[in-house]
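Taken in order, the sequence shown gives residues -11 to 337; the numbers are from the numbering used here. Backbone N, C-alpha and C define an ideal beta-carbon position, used for all residues, glycine too.
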Amino acid sequence: MNQLLVSWYRQAARDLPWRRTRDPYAIWLSEIMLQQTRVETVIPYYYRFLEALPNVAALAEAEEALLHKLWEGLGYYSRVRNLQKAAKQVMTLYGGQIPTTCDQLLNLCGIGDYTAGAVASIAFGEAVPAVDGNVLRVVSRQLAAEGDILSPAVRRSCRQLLLEQMPADCPGELNQALMDLGATICLPNGFPKCESCPISGLCLARERGQQQLFPVKSPKKARESKPYTVLVIQDEQGRFLLRQRPDTGLLASLWEFPMLEGHLTRAELTGTLTKQDIQPARIQTLRKARHIFTHLEWEMTGYFLSCPQVKPRDGEVLATWEQIQQQYAMSSALDSYRQFIKQQGEDET
Ligand code: SF4
-11 MNQLLVSWYR
-1 QAARDLPWRR
9 TRDPYAIWLS
19 EIMLQQTRVE
29 TVIPYYYRFL
39 EALPNVAALA
49 EAEEALLHKL
59 WEGLGYYSRV
69 RNLQKAAKQV
79 MTLYGGQIPT
89 TCDQLLNLCG
99 IGDYTAGAVA
109 SIAFGEAVPA
119 VDGNVLRVVS
129 RQLAAEGDIL
139 SPAVRRSCRQ
149 LLLEQMPADC
159 PGELNQALMD
169 LGATICLPNG
179 FPKCESCPIS
189 GLCLARERGQ
199 QQLFPVKSPK
209 KARESKPYTV
219 LVIQDEQGRF
229 LLRQRPDTGL
239 LASLWEFPML
249 EGHLTRAELT
259 GTLTKQDIQP
269 ARIQTLRKAR
279 HIFTHLEWEM
289 TGYFLSCPQV
299 KPRDGEVLAT
309 WEQIQQQYAM
319 SSALDSYRQF
329 IKQQGEDET
């Protein structure tokens, strides 16, 4: 199977920027960015990040605000914070050299089995597997495996199986072949493209015509839905009120428009504003928006408040649209409301 996959990869590999380098820093960065994010989305971020922070030392010393700006829109911000923590570990524990083995890489913050295997095999040629969701799906179909693909035990046995088969001369290519096969042929939704698959002759699910039955997944728990009212508050100088989220938890340390729990009617909003001593000259209802996180979704309504006087409290700032773009990283969850103030700025010019 390995031979078939590697031969296929050598002639069909996707041409991706991080495949044109052996720089472990660039490969590591790409693997972190690719977690939960599509390749096409990652490419411009990858170039921008490397241009701003071209090596581990630069990453270790970067300001948090710059990190958040470079990551803005990619989501899952803990990834970039862990990336920097790991860069600091590399500087202090390994003299600025990224460790070369899977076991050592696992000691770094934010690096799990998959990333350690990918970096060790691709950048340093260590014969270890890199098992992500794509690889699990391919193996599960090929073996018609009955276990729940999300269970740690199934992941461990898949890793062990691949570990025993890793070729010493081209482990990085085999890992990338499996990743590419899962991403482009053995697709997750709909029917896989088995007619183009290099290992179709070795695939049990295909032999039995049961591709749709694998991988086996237990039903997911329903996502929790949280209602919020987003307040886009502008003072008479055209600045907007932002507040910084706590430094732990969801979207830690990112900036946001003030948000209130629940969907407030205009009358409820007016009552709340009076209590907070906010006196808007004009209130405009904004459109509803929804943002889906992994285990949670925000259902948002919004109001635009034009206020002659706005006094920021602790953790709040007043910022122009230009400053919001350049200095204050916000989650894409609030894109709909950011879009509103962008549009408003354009209408005023
Ligand atoms: S034959 Fe089809 S189901 Fe089996 S591994 Fe290939 S693409 Fe996936």
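Asked, Found
"For residue 188 and residue 287, believed in contact at Cβ under 8 Å, the rounded distance", "That pair is no contact at about 44 Å."
"Residue 129: CB within 7 Å of a non-hydrogen atom of the ligand SF4", "yes"
"For residue 241 and residue 233, believed in contact at Cβ under 8 Å, the rounded distance", "6 Å"
"Reduced DSSP secondary structure (H/G/I, E/B, other) of residue 154", "coil"
"Cβ distance (whole Å) where residue 119 is taken to contact residue 108 below 8 Å", "Not confirmed; about 13 Å, so no contact."
"Near the ligand SF4: residue 72 beta-carbon under 7 Å from a heavy atom", "no"
"Straight-line Cα distance separating residue 32 from residue 72", "20 Å"
"Of the listed residues 289, 295 and 61, nearest to residue 29 (C-alpha basis)", "61"
"Residue 283 (DSSP reduced to helix, strand or coil)", "coil"
"Endpoints, the alpha helix (DSSP H) within which residue 54 is located", "52 to 59"
"Residue 103, buried or exposed, once every other Cβ within 10 Å from all chains shown has been counted against 16", "buried"
"Straight-line gap, residue 153 to residue -10 (C-alpha atoms, nearest Å)", "8 Å"
"Bridge partners - residue 270, DSSP secondary structure assignment", "294"
"Bridge partners - residue 231, DSSP secondary structure assignment", "244 and 304"
"Environment of residue 290 [buried if 16+ CB atoms lie within 10 Å]", "buried"
"The beta strand (DSSP E) enclosing residue -5, as first and last residue numbers", "From DSSP, residue -5 is part of no beta strand (DSSP E) but of the alpha helix (DSSP H) over -10 to 0."
"Test: residue 18 CB closer than 8 Å to a CB of chain C", "Absent from the structure is chain C; it holds one protein chain and no more."
"Buried versus exposed, by CB contacts within 10 Å (16 or more), residue 95", "exposed"
"Cβ-Cβ separation, residue 227 to residue 306 (assumed contact under 8 Å), whole Å", "4 Å"
"N-terminal and C-terminal residue of the beta strand (DSSP E) that residue 215 is part of", "212 to 222"
"Element boundaries [alpha helix (DSSP H), containing residue 187]", "Segment: none, residue 187 is in no alpha helix (DSSP H) and carries neither H nor E."
"Residue span of the alpha helix (DSSP H) that contains residue 104, given as start and end", "101 to 112"
"Residue 156, buried or exposed, once every other Cβ within 10 Å from all chains shown has been counted against 16", "exposed"
"Local Cβ density within 10 Å of residue 35, reported as buried at 16 or more and exposed below that", "exposed"
"Residue 204 - DSSP class collapsed to helix/strand/coil", "strand"
"Residue 254 versus residue 129 - alpha carbon distance", "54 Å"
"Where residue 179 falls, given that 16 or more other Cβ within 10 Å makes a residue buried", "exposed"
"Element boundaries [alpha helix (DSSP H), containing residue 182]", "Where residue 182 is concerned, there is no enclosing alpha helix (DSSP H), given that its DSSP letter is neither H nor E."
"DSSP-derived helix/strand/coil call for residue 132", "coil"
"The ligand SF4 heavy atom lying under 7 Å from the CB of residue 106", "no"
"At least three beta-carbon pairs within less than 8 Å, the region 38 to 47 to the region 7 to 19", "yes"
"Stretch-stretch touch, CB-based, cutoff 8 Å, three pairs: the region -5 to 10 with the region 161 to 170", "yes"
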